[in-house]
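Since the structure comes first, as structure tokens, the remarks are kept for the end.
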Amino acid sequence: MTIVYEDRGDEAAEVPVRRIKFTINGQKKIAEVEPRLLLSHLIRRGVGLTGTHMGCDTTNCGACTVLVDGRPVKSCTMLAVQVDGREVTTVEGLSGPSELHPLQEGFKQEHGLQCGFCTPGMMMAAKALLDQNPDPTEDEVRWALSGNLCRCTGYQNIVKSVLWAADKLRSQAG
Amino acid sequence: MTQALDEIKIGGLGASRKRVEDDRFIRGKGNYTDDITLPGMLHMEILRSPLAHARIKSIDASKAWDIPGVHLVLTGDMMATRNLAWMPTLSYDTQAVLATDKVRFQGQEVACVIADDPYIAKDACEAIDVEYEPLPVIVNPMQAVAEGAPVIRDDKENQPDNVIFDWEVGDKEGTDRAFAQADVISRLKLHYPRSHPSPIECCGSIADFNRATSKLTVYMTTQAPHIIRAAVALVAELPEHMIRIVSPDIGGGFGNKVPVYPGYVCSILASILLERPVKWIEDKSGNLISTGFARDVYLDGEMALRKDGKILGVRMHTDSDHGAFFSDAQPSKFKIGLMHSAFAAYDIPYAHLTSRGTYSNKAPGGVAYRCSFRVTEAMFFQERMMQAAAADLEMDQAAFRRMNFVQDEDFPHRTPFGFLTDSGQYAKCLDVGLRAVGYEDFRKQQAQARERGKLLGLGISTMTEPLGAGNSREYDILGIKMFDSAELKVHMTGKAILRTGAKTQGQGHETTWAQIVAHELGIPAEDVVVEEGDTDTAPFGMGTYASRSTPVAGAAVAMVSRKIRAKARKLAAHLLEVSEEDVEWELGRFYVRSAPDRGVTITECAMAAYSNMPDGMEPGLENTAYYDPPNLTWPFAVYIVTVEVDPETGVWDVLNMVAVDDCGVRINPMIVEGQIMGGLTEAYAMANMQFITFDAEGNCVGSNYMDYLLPSAWETPGFELHSEVVTPCPHHPIGAKGIGECAAVGGPAAFVNAVIDAIGDASVRNIDMPLLPDRVWEAITYHHDVSGAPPVRADDEAVH
Amino acid sequence: MYPSRFRYEAPRSIDEAISLLHEGGDEAKVLAGGQSLVPLMKLRFASPELVVDINNLPGLDYHREDADGTIRIGALCRHADLERSALLKSKQPVMAAAAPLIADPIVRNRGTLVGSLCHADPQGDWASVVTALGGFVVARGPAGRRRIGIDDFVTGPFQNALEPDEIAVEAVIPAPKGALAGGYLKLERRVGDFATVGVAVAVETSAGTVTRAGIALTGVGGATINAAEAAQALVGQPLSEQSIEAAADLAAQAARPRTDHRGSAEYKRHMVRTFVVRILNANGDGSAAADGAGGDEDSAERAA
């Protein structure tokens, strides 16, 4: 990726950047970024994966949730430089080449989304839950998602979607 | 033997068809405004006022211009030289685009910077120096009309004070007579507090003016693209055919994405000046502090009662706080929206409403947030007054409502304020709800619990509302009538594309409109692609808000499908070599009445429209319908909530939440239930925790997500939904009524009534929302009502 | 939501980190979890010139119990690790009660207890817990290590006692001498809300008599309040209804709440009192968490 900016002949205008190497959805990348660049902007604008959304400016809504080294984080509250040497997984990395992840199927089967804006963050938080706890209760699902806000659904169908996915994952595991 | 298609199998009416939209959203492949990048695109950030009311003494943007990567800094005086510092609102007022003389609310737009990237734009905003001279602040209607109050809109001619309008409706003499005859008069005063719709996605636009073609394209978060096109044509003085508004995927609207915001206008001007695309995406704090809020209305209500419980008359006075500019998007005839829809479900002979609107030093708004044009206020006031009246009469809450309901056989019913309601089975809905919640048992448990000092409560709320604005005789916005439209093109292989003048923001139109086409034409829903939101291709419509889409655009979809079917019938007759009178229709097929085995499918008719037309017939199978609804549709609902209140802390928990919704024919039951659950959650949120208010200096408290609380999956209760009662709309082509906002309209009062019922203290008749623990505790401990009206309490005030 | 520019370094050893901080002086900030610092920088309430990211420093992500029962929490131990900790559930009821109530589950994956103490937010929950337990912070600087008692560590709202070139590397909770019980109750209207009122209570008993007690308050003053007098009222006798009421009254008096949009000062004092009583009455099972609405009594036990 190329960054082009104005040369006003003024050294102060030079913007120091840092080189980072990271993996995103299994693909290895190199980027040169300003330290102040937020991880969510690296994902959306740098890598061009716009499935991770930004909904607030105070680390509350969770629409930007991704996995870093398998653990869910709010990507708006991490600096891009902090994923140097780390693995990032976004919603685009959920499905395989030809099939959907059971969470994605579950959200469709159980009407777990309406406008779709909070959905990627919800699914990533849910994936982290199911990775740790393959057979959660309804309360455990609600607790795990309590850092992700939704305005449209009232959460009841989101919970059903996650439990649907949990069932399918367990039956796939045999 | 019938060869009609199975309607559920092809995804017709009543099918809980899985959503078409989901396929892209679950993959993270949605196309929201901030996902769009155009070549050469620049980024805009807005500098906002820190003060609520102040004269601007000077603005120095020189340091901002010097920052590398900055292309343009816009201030109010630059806008003024282009006649763009002010713009008209959807309520015939004017609103500042960028402040010139004064700032009139905290967060008001003062300047904007366009730069290579938003980080630089933000750096430059910080480098702009503005000198302010503070002025006294008004944060509620009482202050607005007090003697000596500063005039906020001194920019307007003929505006000597802060009053926007005085409006009234109803029968004053009749109502006065009814009150004179009353055995009991029940009075209630309360504040429906300011709330913010706060969809998760903020507002934004990408304005792209192409100098070579003179065409302006704006990708933006709007629920009403055609209204925006008209507004831009007016404001920017560009010819309407050279403006294209594209509303892509929208991350929730709830009325927040209807108004025209200064950010949109600035991005458009910047693009015209710079001849490059300019993207403006606001942040959540900007959204909460400056965009279209909801509610903020004070009620003084009275009910005249006969001692057996019959309501003889209702009097309401409302004071509404509209902020610094009157910018409500609502039918222009009704200054306080459809507030006079109150009490439509009850058989009351006389009612009178007076309403006053005032300016204040707050962001403009009032009509928003799933409100159906202020029906949220109307129904909340209604059900809180019903609760208080039943308590004053010492009557059972359910029995009081039941005895005053409009009876099933009395439709169409003229309400005391002059609406004509169309249909309903109110008592049956109440029965279903009471049975589901176990009413009698609950009352017994409640009494036993009270003896042990445990506070259980039950709250009932009913609502009916006028949805589907609206008929051209009565309804318009800025003079434009509120019809809607659908254009259907059936291709030669029998597949189709449908476009409407509505604009989905999560309601599932891509899925449901196709279901109407399947119902009318027998074309499987999966063979109909649905598009909305591009003013270059969509037929003219007034957009999606106020639950108007199924009633109006949905009706247009049915009507255009029928036009297509009428032409297909002619083609069928031609193919079957019989006259049209001999042709019958069953789902998906025309057949000869006297020889039912002889028939042609709709697909065969489609092919014929392009390859085998009868002499004299225009080829093709495409048409458009514009639907001017004859009346509004009137869904009805009963919401019942049970709670337990902890008297020591004021914290309350929901035990049960039962919803009985009668919205007529349900196109897609799964989607209807999703809408109801979403509305119930917002009702819970308003009743429990959402709080945006102002202190005495006009500082907005709750203008970010740390303070403005939305419930998560952990706090939100579960819901029990009932759909047994179905009263089709008698005048809607498929018998459907609106539903999107019903639960937000009727829900809040159920929660509040439940907590008041739990407290069970005759001297506690009202606690303003949100029912925060400290308010509930104060009411219980001090046996008095608790108000939440601004200015918010500060240290030097005593509780009692 | 866009921070201003800064220099960034990600040292690989503590010595390197310390020397970077020494260079940066007042204009440098340590970045650990970042769940307090990054939000402040996004709102431009903090604009350090140098950010020293310590996430790559090895061997700081532990929490463990020494042989004598002392609990040590490393600078990179995340809230989520503490929430899941079997050690805390069995040995440290006050900490176990508080861990699930910090922010929300996603933020808990990054935020750190030590970072929270350094941030010194008067609304911070951990500071009250560590105060009630009489803990201290271990700092490392160019001159070596030193211990700073928690009461001396927080010097004001968002201010701590560290020198500009010191890093907090560990929080230490002294081993209880008697049987340790207690809890943390927080009035929040929703997961992730700041505390309207938070109360940490720790009591150690020996043969039924209270030998040590600590009570600390969140959100009811300009900083964490150490209600020492209230705690002292419990010591030297078994817990009784009278001693609990006396301690609760004194704790309420120690609070210095403001009337604001979260409630009146009177209500907040009342809640301090109520929480002290509830924690001490639930003494047997050690934890009873109450979040504002919809939560149930077992929410503290939930595992993510």
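Top line first, the protein sequences correspond to chains X, A and R. Here the numbering used here = 1-based position in the first sequence + 155. Here the numbering used here = 1-based position in the second sequence + 13. Here the numbering used here = 1-based position in the third sequence + 908. By construction, the Cβ of each residue, glycine as well, lies at the ideal position given by its N, Cα and C atoms.
Practice problem: Kindly list the residues whose CB is nearer than 7 Å to the CB of residue 525 of chain A, restricted to its own chain and excluding five residues on each side of it in sequence; keep chain order. | Solution: Your numbering for residue 525 of chain A matches position 512 in the second sequence. These residues qualify, in order along the chain: 680, 681 and 684.
Exercise. Please determine, among A:101, A:105 and A:89, the residue with the shortest C-alpha to C-alpha distance to residue 124 of chain A.
Key: Working through the second sequence from its first residue, we reach residue 124 of chain A at position 111. It is A:89.
Quiz item: Helix or strand or just coil, what does DSSP make of residue 349 of chain A?
Solution: The residue you call residue 349 of chain A lines up with position 336 of the second sequence. Residue state, collapsed to three classes: coil.
Quiz item: Do residue 619 of chain A and residue 503 of chain A have their CB atoms nearer than 7 Å?
Solution: Counted from its first residue, the second sequence places residue 619 of chain A at position 606. Counted from its first residue, the second sequence places residue 503 of chain A at position 490. Contact flag set, yes.
Quiz item: Can you name, in chain order, every residue of its own chain whose Cβ lies under 6 Å from the Cβ of residue 493 of chain A, other than the five neighbours on each side?
Solution: Residue mapping note: residue 493 of chain A aligns to position 480 of the second sequence, counting from 1. Once the five neighbours on either side are set aside, residue 493 of chain A has no close Cβ partner at all.
Self-check item: Runs of beta strand (DSSP E) lying entirely within the stretch 160 to 216 of chain X, each at least 3 residues, in chain order
Solution: 173 to 179 and 182 to 188
Quiz item: Can you tell which of R:1177, R:1120 and R:910 has the C-alpha that lies nearest to the C-alpha of residue 134 of chain A?
Solution: The count along the second sequence starts at 1 and reaches residue 134 of chain A at position 121. Minimum Cα distance to residue 134 of chain A is reached at R:910.
Quiz prompt | Integer-rounded CB distance, given that residue 726 of chain A should sit under 8 Å from residue 301 of chain X | solution = Mapped onto the first sequence, residue 301 of chain X falls at position 146. Mapped onto the second sequence, residue 726 of chain A falls at position 713. So it is a contact: roughly 6 Å between Cβ atoms.
Exercise. For residue 299 of chain X, decide whether its Cβ has a neighbour in chain R, counting only Cβ atoms nearer than 7 Å.
Key: In the first sequence, residue 299 of chain X corresponds to position 144, counting from 1. Yes, because at least one Cβ of chain R sits closer than 7 Å to the Cβ of residue 299 of chain X.
Quiz prompt | For residue 713 of chain A, the three-state DSSP class (helix, strand or coil) | solution = Taking the first residue of the second sequence as position 1, residue 713 of chain A is located at position 700. Strand at residue 713 of chain A.
Quiz prompt | Test: residue 202 of chain A CB closer than 7 Å to a CB of chain R | solution = As a first step, residue 202 of chain A must be located in the second sequence, where it is residue number 189. Not an interface residue.
Practice problem: Look up residue 1107 of chain R in the DSSP assignment and give the residues it is bridged to. | Solution: Along the third sequence, read from residue 1 onward, the residue named residue 1107 of chain R stands at position 199. Note: residue 1107 of chain R sits in a beta bridge opposite R:1093 and R:1125.
Practice problem: Return helix, strand or coil for residue 600 of chain A, following the three-state DSSP convention. | Solution: As a position in the second sequence, residue 600 of chain A is number 587, starting the count at 1. Here residue 600 of chain A sits in coil by DSSP.
Quiz item: Residues in its own chain within less than 7 Å of residue 172 of chain X by CB, not counting five upstream and five downstream?
Solution: Stepping through the first sequence from its first residue, residue 172 of chain X is reached at position 17. Once the five neighbours on either side are set aside, the close Cβ partners of residue 172 of chain X are 187, 188 and 189.
Quiz item: What's the call for residue 34 of chain A, buried or exposed, on a 16-neighbour Cβ count within 10 Å?
Solution: Position 21 of the second sequence, counted from the first residue, corresponds to residue 34 of chain A. Answer is buried; the Cβ neighbour count reaches 16.
Quiz item: Quick one: any contact between the stretch 630 to 644 of chain A and the stretch 753 to 770 of chain A, if contact means 3 or more CB pairs under 8 Å?
Solution: no
Quiz item: How many Å lie between residue 154 of chain A and residue 311 of chain A at the Cα?
Solution: Within the second sequence, the letter at position 141 stands for residue 154 of chain A. Within the second sequence, the letter at position 298 stands for residue 311 of chain A. Taking the straight line joining both Cα atoms gives about 9 Å.
Quiz item: Which residue from X:320, X:241, X:237 and X:200 puts its Cα closest to that of residue 290 of chain X?
Solution: Counted from its first residue, the first sequence places residue 290 of chain X at position 135. Among X:320, X:241, X:237 and X:200, the Cα nearest to that of residue 290 of chain X is on X:320.
Quiz item: By how many angstroms is the C-alpha of residue 971 of chain R removed from the C-alpha of residue 1001 of chain R?
Solution: For the purposes of this step, residue 1001 of chain R is taken as the residue at position 93 of the third sequence. For the purposes of this step, residue 971 of chain R is taken as the residue at position 63 of the third sequence. Rounded to whole angstroms, residue 1001 of chain R to residue 971 of chain R spans 15 Å at the Cα level.
Quiz item: Based on the DSSP secondary-structure assignment, which residues constitute the bridge partners of residue 494 of chain A?
Solution: In the second sequence, the residue the question calls residue 494 of chain A occupies position 481. DSSP output for residue 494 of chain A lists A:489 as bridge partner(s).
Self-check item: residue 979 of chain R and residue 973 of chain R closer than 7 Å at C-beta
Solution: Here residue 979 of chain R is taken as the residue at index 71 of the third sequence, counted from 1. Here residue 973 of chain R is taken as the residue at index 65 of the third sequence, counted from 1. Closer than 7 Å, so yes.
Self-check item: Members of the stretch 1093 to 1112 of chain R near chain A, C-beta cut-off 9 Å
Solution: 1095, 1097, 1098, 1099, 1100, 1101, 1102 and 1104
Quiz item: Thinking C-alpha only, which one of R:1064, R:1143 and R:1045 is nearest residue 1055 of chain R?
Solution: Sequence index remark: in the third sequence, residue 1055 of chain R carries index 147 (1-based). The shortest C-alpha separation from residue 1055 of chain R is found at R:1045.
Quiz prompt | Amino acids of chain X, ordered along the chain, whose beta-carbon sits closer than 8 Å to that of residue 914 of chain R | solution = Walking along the third sequence from the start, residue 914 of chain R turns up at place 6. Under the 8 Å cutoff, chain X gives 190 and 191.
Self-check item: Expected contact under 8 Å - CB spacing of residue 217 of chain X and residue 276 of chain X to nearest Å
Solution: Taking the first residue of the first sequence as 1, we reach residue 217 of chain X at position 62. Taking the first residue of the first sequence as 1, we reach residue 276 of chain X at position 121. Residue 217 of chain X to residue 276 of chain X, Cβ: 5 Å. Contact.
Exercise. For chain R, find out if any of its Cβ atoms is closer than 7 Å to the Cβ of residue 184 of chain X; answer yes or no.
Key: As a first step, residue 184 of chain X is located in the first sequence; it is residue number 29 there, counting from the start. Not one chain R Cβ lies under 7 Å of residue 184 of chain X.
Quiz item: Taking residue 70 of chain A as the reference, which of A:77, A:62 and A:76 has the closest Cα?
Solution: The residue labelled residue 70 of chain A in the question sits at position 57 within the second sequence. Per the Cα distances, A:62.
Quiz item: Less than 7 Å separating the beta-carbons of residue 965 of chain R and residue 1010 of chain R?
Solution: Here residue 965 of chain R refers to the residue found at position 57 when the third sequence is read from its first residue. Here residue 1010 of chain R refers to the residue found at position 102 when the third sequence is read from its first residue. Cβ distance not < 7 Å, so residue 965 of chain R and residue 1010 of chain R don't count as in contact.
Quiz prompt | Cβ pair count under 8 Å reaching 3, the stretch 298 to 307 of chain A against the stretch 373 to 384 of chain A | solution = yes
Quiz prompt | Beta carbon proximity, residue 85 of chain A to chain R, threshold 7 Å | solution = Position 72 of the second sequence holds residue 85 of chain A. No, its Cβ sits nowhere closer than 7 Å to a Cβ of chain R.
Exercise. Can you tell me the Cβ-Cβ gap for residue 256 of chain A and residue 238 of chain A, rounded? I've got them flagged as a contact below 8 Å.
Key: The sequence position of residue 256 of chain A within the second sequence is 243, counting from 1. The sequence position of residue 238 of chain A within the second sequence is 225, counting from 1. Their Cβ separation, rounded to whole angstroms, is 10 Å, which puts residue 256 of chain A and residue 238 of chain A out of contact at 8 Å.
Quiz item: Can you list the residues of chain A that residue 149 of chain X reaches, using a CB-CB cut of under 7 Å?
Solution: Lying before the first or after the last residue shown, residue 149 of chain X is absent from chain X, which here runs from 156 to 329.
Quiz item: Taking Cβ positions only, does residue 287 of chain X come closer than 7 Å to chain A?
Solution: Residue mapping note: residue 287 of chain X aligns to position 132 of the first sequence, counting from 1. No, because no Cβ of chain A sits closer than 7 Å to the Cβ of residue 287 of chain X.
Practice problem: Return helix, strand or coil for residue 436 of chain A, following the three-state DSSP convention. | Solution: Here residue 436 of chain A refers to the residue found at position 423 of the second sequence. Note: residue 436 of chain A maps to coil in three-state DSSP.
Practice problem: Check whether the Cβ of residue 201 of chain X lies closer than 7 Å to any Cβ atom in chain R. | Solution: Taking the first sequence and counting its residues from 1, one reaches residue 201 of chain X at position 46. So no, residue 201 of chain X is outside the interface.
Quiz item: Are any of the Cβ atoms in chain A nearer than 7 Å to that of residue 1206 of chain R?
Solution: Your numbering for residue 1206 of chain R matches position 298 in the third sequence. With a pLDDT of only 35 at residue 1206 of chain R, under 50, the local geometry of the prediction cannot be trusted, and the value read off the model is given with reservation. No, no contact with chain A.
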